[in-house]
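Here the structure comes first, spelled out in C-alpha coordinates, and everything after it is commentary.
In this note's numbering, the protein residues as written are 411 to 483.
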(Lines of atoms letter the chains of each structure in order from A and count residues from 1; the text may use other names and numbers.)
(Lines give C-alpha, C1' and ligand atoms only; values in the text may rest on other atoms or scores of the structure.)
Protein backbone atom coordinates (compact mmCIF):
# COMPACT_ATOMS: atom_id res chain seq x y z
CA UNK A 1 0.00 0.00 0.00
CA UNK A 2 1.18 3.46 -0.84
CA UNK A 3 0.02 5.25 2.32
CA UNK A 4 1.89 7.26 4.91
CA UNK A 5 1.41 6.95 8.66
CA UNK A 6 -2.27 7.23 9.51
CA UNK A 7 -3.28 10.65 10.86
CA UNK A 8 -5.59 8.99 13.38
CA UNK A 9 -2.97 6.68 14.86
CA UNK A 10 -3.08 8.59 18.18
CA UNK A 11 -6.77 7.81 18.67
CA UNK A 12 -10.25 8.61 17.51
CA UNK A 13 -11.72 12.03 16.91
CA UNK A 14 -15.16 13.16 18.01
CA UNK A 15 -16.69 16.54 17.19
CA UNK A 16 -20.27 17.45 17.99
CA UNK A 17 -21.78 20.55 16.40
CA UNK A 18 -25.03 21.96 17.74
CA UNK A 19 -27.78 23.92 16.01
CA UNK A 20 -26.83 27.10 17.88
CA UNK A 21 -23.32 26.98 16.36
CA UNK A 22 -21.60 25.70 19.50
CA UNK A 23 -19.28 22.72 19.23
CA UNK A 24 -17.38 20.35 21.49
CA UNK A 25 -14.68 17.88 20.51
CA UNK A 26 -12.48 15.19 21.98
CA UNK A 27 -9.37 13.30 20.92
CA UNK A 28 -6.55 11.53 22.71
CA UNK A 29 -4.10 13.40 20.49
CA UNK A 30 -5.51 16.81 21.51
CA UNK A 31 -5.91 17.70 25.22
CA UNK A 32 -5.37 14.07 26.31
CA UNK A 33 -8.95 13.12 25.53
CA UNK A 34 -10.56 15.88 27.58
CA UNK A 35 -13.47 17.72 25.96
CA UNK A 36 -12.43 20.90 24.14
CA UNK A 37 -14.54 23.86 23.14
CA UNK A 38 -11.80 26.31 22.21
CA UNK A 39 -12.02 27.31 18.57
CA UNK A 40 -8.32 26.66 17.82
CA UNK A 41 -8.39 23.13 19.27
CA UNK A 42 -11.64 22.32 17.46
CA UNK A 43 -10.04 23.50 14.22
CA UNK A 44 -7.10 21.14 14.83
CA UNK A 45 -9.55 18.24 15.27
CA UNK A 46 -11.33 19.15 12.05
CA UNK A 47 -8.01 19.33 10.18
CA UNK A 48 -6.96 15.90 11.49
CA UNK A 49 -10.32 14.48 10.37
CA UNK A 50 -9.78 15.95 6.92
CA UNK A 51 -6.34 14.34 6.71
CA UNK A 52 -7.81 10.98 7.71
CA UNK A 53 -10.43 11.27 4.97
CA UNK A 54 -7.75 12.19 2.43
CA UNK A 55 -5.63 9.18 3.40
CA UNK A 56 -8.49 6.68 3.34
CA UNK A 57 -8.72 4.05 0.65
CA UNK A 58 -11.61 4.24 -1.76
CA UNK A 59 -14.20 1.46 -1.42
CA UNK A 60 -12.73 -0.24 -4.50
CA UNK A 61 -9.18 -0.01 -3.09
CA UNK A 62 -10.40 -1.34 0.27
CA UNK A 63 -11.99 -4.35 -1.39
CA UNK A 64 -8.87 -5.08 -3.44
CA UNK A 65 -6.70 -4.77 -0.34
CA UNK A 66 -8.91 -7.14 1.66
CA UNK A 67 -8.98 -9.65 -1.20
CA UNK A 68 -5.19 -9.43 -1.43
CA UNK A 69 -4.86 -10.12 2.30
CA UNK A 70 -7.26 -13.05 2.09
CA UNK A 71 -5.23 -14.49 -0.76
CA UNK A 72 -2.06 -14.32 1.33
CA UNK A 73 -3.47 -16.42 4.19
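Built from N, CA and C at the ideal position, the CB exists for glycine as well.
These numbers were taken from a predicted model, which means no experiment stands behind them.
Quick one: using the 10 Å Cβ neighbour count with 16 as the cut-off for buried, is residue i buried or exposed?
{"i": "residue 460", "result": "exposed"}
{"i": "residue 455", "result": "buried"}
{"i": "residue 473", "result": "exposed"}
Hey, how far is the Cα of residue i from the Cα of residue j?
{"i": "residue 435", "j": "residue 471", "result": "30 Å"}
{"i": "residue 467", "j": "residue 416", "result": "11 Å"}
{"i": "residue 479", "j": "residue 431", "result": "44 Å"}
{"i": "residue 445", "j": "residue 465", "result": "25 Å"}
{"i": "residue 447", "j": "residue 481", "result": "46 Å"}
Check each candidate in the options and name the one with the smallest Cα separation from residue i.
{"i": "residue 433", "options": "422, 473, 451, 477", "result": "451"}
{"i": "residue 438", "options": "448, 429, 449, 424", "result": "424"}
Ignore the nearest five residues each way along the sequence and tell me which others in residue i's own chain have a CB closer than 8 Å to its CB.
{"i": "residue 427", "result": "433"}
Tell me which same chain residues have a C-beta within less than 6 Å of the C-beta of residue i, skipping the five on either side of it?
{"i": "residue 462", "result": "417, 418"}
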